[in-house]
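Under this note's numbering, the first residue of the sequence shown carries the number 2, and numbering increases by one thereafter.
Notes follow once the structure below has been shown.
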Amino acid sequence: MLVCTTEGVAGREVAETLGLVRGSTVRAKHLGTDIVASLKNLVGGEIAGYSSMLGGAREQAIDRMVEEARGLGADAVVGARLETSTVASNAAEIVAYGTAVRLR
Numbered sequence: 002m003l004v005c006t007t008e009g010v011a012g013r014e015v016a017e018t019l020g021l022v023r024g025s026t027v028r029a030k031h032l033g034t035d036i037v038a039s040l041k042n043l044v045g046g047e048i049a050g051y052s053s054m055l056g057g058a059r060e061q062a063i064d065r066m067v068e069e070a071r072g073l074g075a076d077a078v079v080g081a082r083l084e085t086s087t088v089a090s091n092a093a094e095i096v097a098y099g100t101a102v103r104l105r
């Protein structure tokens, strides 16, 4: 399944627009990661635990969006976007969304 951020696929024509598809996940922080993050705030640098958690969450949200597009019989998802929001003091939601299409 092709997923792209552009409104179309270069060299291909959109034959049919199937509609909005999305996938989301909510992830909570781990206490151990919070402790490491507090220490990193003192010295600076990347907080690898958070980077890894959010990277996995993005992949899961994209996978869920692709599953929904496959269920519609799509060949591709165009206009794909990712958004992150805080849903609680210790949790973030990652949403992937785009338009499912069939290509010629």
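Beta carbons are placed, not taken as given, at the ideal position from N, Cα and C, and that holds for glycine.
Cβ separation of residue i and residue j, assumed to be a contact under 8 Å, to the nearest whole Å
i	j	result
Gly80	Glu17	Not quite, the Cβ-Cβ distance comes to about 15 Å (not below 8 Å), so this is no contact.
Ala92	Leu19	About 31 Å separates the two Cβ atoms, so there is no contact after all.
Met2	Val78	7 Å
Gly74	Arg103	7 Å
Leu83	Arg65	So it is not a contact: roughly 12 Å between Cβ atoms.
Beta carbon of residue i nearer than 8 Å to that of residue j
i	j	result
Val96	Arg23	yes
Ser25	Ala62	yes
Val67	Val10	no
Contacting residues, own chain, Cβ-Cβ under 8 Å from residue i (five flanking each side not counted)
i	result
Arg71	Met2
Cβ shell of residue i (< 6 Å), same chain only, five flanking positions each side left out
i	result
Glu14	Arg105
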